[in-house]
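Below is one structure, written out as structure tokens; comments come after it.
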Amino acid sequence: MKLKGRSISPGRAGGEALVTREPISFYGGVDPKTGTIIDPRHELHGQSVGGKVLVFPHGRGSTVGAYVIYGLKRNGVAPAALVNEFCEPIVASGAILAEIPCVDQIPIDNIRTGDLLLVDGGKGIVEIKARRKI
Amino acid sequence: MELDREQERILAGERGPVLERMLRLLVRLGEIYGADRFVPIASAQVSGVSYKSIGDPGLELLEDLAAQGARVRVPTTLNPAGIDLEAWRELGIPEEFARKQMRIIEAFKQMGVQPTATCVPYLVGHRPGFGEHLAWAESSAVVFANSVLGARTNRESGLSALAAAVCGVTPDYGYHREENRKATVVVRVEAPLRDAADFGALGYYVGQRCPNGVPYFEGLGGASEDQLKALGAGMAASGAVALFHAERVTPESGKQETAGLERIEFGAGELKKIREELTSDCEPDLAVIGCPHASLAEIEEIARRLEGKRLRKPLWVCTARAIKREAERRGLVQAIERAGGRVIADTCAVVAPLEALGFGCTAVNSAKAARYLPGLCKQRVVYMRTEEIIDLLTGV
């Protein structure tokens, strides 16, 4: 299944989906050194975003979040791609500067954690290559 | 977004990867916010300077951008840093913090940014003209530039302001456009406002009531620039206000249509309520004046009030390096120091590591500082007028 959204940051990448309905604040929410979600109130607390296609409705919190996304990339623990319902400027800035493919205007309820996704950031397409085996 | 040929070449990567990424960022922001073109900017003000705010990820990004050849195309100034760049040792700032702060400043300098390290660029020779487009971060400077000077800027983030500085343009949306600069709510001011702290309280109240509005104030005739600076900073801290008009005071007030707009009142009761809301029950062990950075007139007032007195608790007066130099030339810094106070440049209470210096309860005359110190510096806050702060600290 192909989902068509809007291009935020170009590039093609694939990986396993990590999906949350809760917004993410990268600043204070994700450790830029390890890629682990450290916000104790977040439902993904303790999980690693490294190499995953991170699917979340939108970012929140401090603009420093953009720097954290860049730090994740520099430390080799960044998500392979980002998929949002609405990509606000903090996540957009971080994704573009870190050169992480990013697409928004995607109905994320169609995607489940563990699905295998292919993201084309330039065309704004998210393809579900395989569903998680239940 | 409509692009010119040079911008198309940049996006095709013909001018190198840094410029491409910076312009791509601006194009995306423009698309998100519905801009259909770019406007050239006269200047940029970049935030996200303190090591306390941006940490190692920010330091590394800025050093990478500088090393990859990012250079600003328009006059670009810098927000306050986390330390007084000359006197940080005397303030007890940890060595490691200072070293990383210096690397951040160096990276900005390499990109051609002027290390002004102040939130009041308009008081140190970077005063925008009426109608000029800008890309300014620093919420209090944004509201001052839009409202008091009639320039045009959105509330930029540190990164979008830097990208605009490197590209020399910003997407044309929001406060760049005439139709978004109209008053949306009338504020009738009945309370007598004596001091910047009272104007800050008014701002705090209005920012809470209409966080995304464009307020039109009635009853502020004769307000000084310093008072308007405090008013705007308060609104931008409790809300996201970027522009206000004040009847017969600000340059775009004359063309506002206020008939039929929602009206709110600010009387003595509201002033008292906000002062109480911003005040905790604690005994200050520090007082900070200068958020936004103190003007020369404000430093003069403090020096005058301290004449012949002795401070029993530390007083920090935060300002821009250039203003401190002028205050030194006039003997004002020396007067404040004789009373036991300090005039600190390049930094402020909000972005300095206050919590690491052993303070727990701070007296302030700024609604912005009162809003941010509890969260960012783990301080309890007492909200007072300048005069009350000096009286408290000198034991009158």
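One line per chain: the protein sequences are A and B, in this order.
The opening position of the first sequence corresponds to residue 1 in this note's numbering, with each subsequent residue numbered one higher.
The opening position of the second sequence corresponds to residue 135 in this note's numbering, with each subsequent residue numbered one higher.
Note that CB positions come from ideal geometry on N, CA and C, so glycine has one too.
Residue i: buried (16+ other C-beta within 10 angstroms of its C-beta) or exposed?
i                 : result
Arg286 of chain B : buried
Tyr167 of chain B : exposed
Arg409 of chain B : buried
Arg223 of chain B : exposed
Val151 of chain B : Per the sequence shown, residue 151 of chain B should be read as Pro rather than Val. Its Cβ having fewer than 16 others within 10 Å, Pro151 of chain B is exposed.
Ala201 of chain B : exposed
Ile38 of chain A  : exposed
Lys407 of chain B : exposed
Gln513 of chain B : buried
Gln141 of chain B : buried
Glu290 of chain B : buried
Pro40 of chain A  : exposed
His427 of chain B : buried
Gly76 of chain A  : exposed
Lys186 of chain B : buried
Pro174 of chain B : exposed
Asn499 of chain B : buried
Lys502 of chain B : buried
Gly442 of chain B : exposed
Asn110 of chain A : exposed
Measuring only between beta-carbons, confirm whether residue i sits less than 8 Å from chain B.
i                 : result
Leu136 of chain A : Because chain A is modelled from 1 through 134, residue 136 of chain A falls outside the range shown and cannot be assessed.
Ser93 of chain A  : yes
Ile8 of chain A   : yes
Pro40 of chain A  : no
Pro79 of chain A  : no
Pro23 of chain A  : no
For residue i, which residues of its own chain have a beta-carbon under 7 Å away from its beta-carbon, when the five flanking residues on both sides are left out?
i                 : result
Arg444 of chain B : Ala473, Gly474 and Thr528
Val126 of chain A : Leu3, Gly5, Val83, Val103, Ile106, Leu117 and Val119
Thr392 of chain B : Ala317, Val320 and Tyr350
His260 of chain B : Ser177, Pro209 and Thr211
Glu522 of chain B : none
Leu199 of chain B : Val152 and Met245
Leu377 of chain B : Val277, Asn280, Ser281, Tyr309, Arg315 and Val348
Pro255 of chain B : Gln179, Thr211 and Ala275
Less than 8 Å between CB atoms is the rule here; does residue i satisfy it with respect to chain A?
i                 : result
Asp190 of chain B : yes
Ile166 of chain B : yes
Ser291 of chain B : yes
Leu163 of chain B : yes
Glu194 of chain B : yes
Arg205 of chain B : no
Val184 of chain B : According to the sequence as given, residue 184 of chain B is Ser; it is not Val. Chain A contact via Cβ: absent.
Ser387 of chain B : no
Arg158 of chain B : yes
Ser187 of chain B : yes
Ser372 of chain B : no
Ser294 of chain B : yes
Arg155 of chain B : yes
Can you find the residues in the same chain that come closer than 8 Å, C-beta to C-beta, to residue i, ignoring five residues on each side of it along the sequence?
i                 : result
Arg207 of chain B : Ala299, Val300, Cys301 and Gly302
Phe264 of chain B : Leu283, Gly284, Ala285 and Pro385
Phe400 of chain B : Val321, Arg322, Val323, Glu324, Ala325, Leu336, Tyr339 and Val340
For residue i, which residues of its own chain have a beta-carbon under 6 Å away from its beta-carbon, when the five flanking residues on both sides are left out?
i                 : result
Val91 of chain A  : Gly59
Gly373 of chain B : Gly341 and Pro345
Lys129 of chain A : Leu116 and Leu118
Arg476 of chain B : Trp450
Cys482 of chain B : Pro214, Cys425 and Cys452
Glu266 of chain B : Ala176 and Ala285
For residue i, write down the residues that DSSP places opposite it in a beta bridge.
i                 : result
Lys4 of chain A   : A:Ile125
Glu386 of chain B : DSSP output for Glu386 of chain B lists no bridge partner at all.
Asp120 of chain A : A:Arg12 and A:Ile125
Pro305 of chain B : B:Phe172
Glu352 of chain B : B:Arg322
Leu377 of chain B : The partner list for Leu377 of chain B (beta bridge, DSSP) is empty, contrary to what the question assumes.
Ile144 of chain B : Per DSSP, none; premise fails for Ile144 of chain B.
Phe400 of chain B : B:Val323
Val83 of chain A  : A:Val55 and A:Val103
Ile478 of chain B : B:Cys452
Tyr517 of chain B : B:Val498
Arg472 of chain B : Answer by DSSP bridge pairing: none, since Arg472 of chain B is not bridged.
Against chain D, with Cβ distances strictly below 8 Å, would residue i count as a contact?
i                 : result
Gly226 of chain B : The chain inventory of the structure shown lacks chain D, comprising the protein chains A and B.
Counting only Cβ-Cβ distances shorter than 7 Å, please list the residues of the segment 55 to 76 of chain A near chain B, keeping chain order.
Thr63, Val64, Ala66, Tyr67, Val68, Tyr70, Gly71 and Arg74
Any C-beta of chain A within less than 7 Å: which residues of the segment 304 to 330 of chain B qualify?
none
To be precise: take each residue of the segment 254 to 273 of chain B, compare its Cβ to all Cβ atoms of chain A, and keep it if any distance is under 9 Å. Which residues remain?
Ala271
At a CB distance below 7 Å, what residues from the segment 98 to 112 of chain A approach chain B? Give them in sequence order.
none
Anything in the segment 232 to 243 of chain B with a Cβ closer than 7 Å to a Cβ of chain A? List those residues in chain order, please.
none
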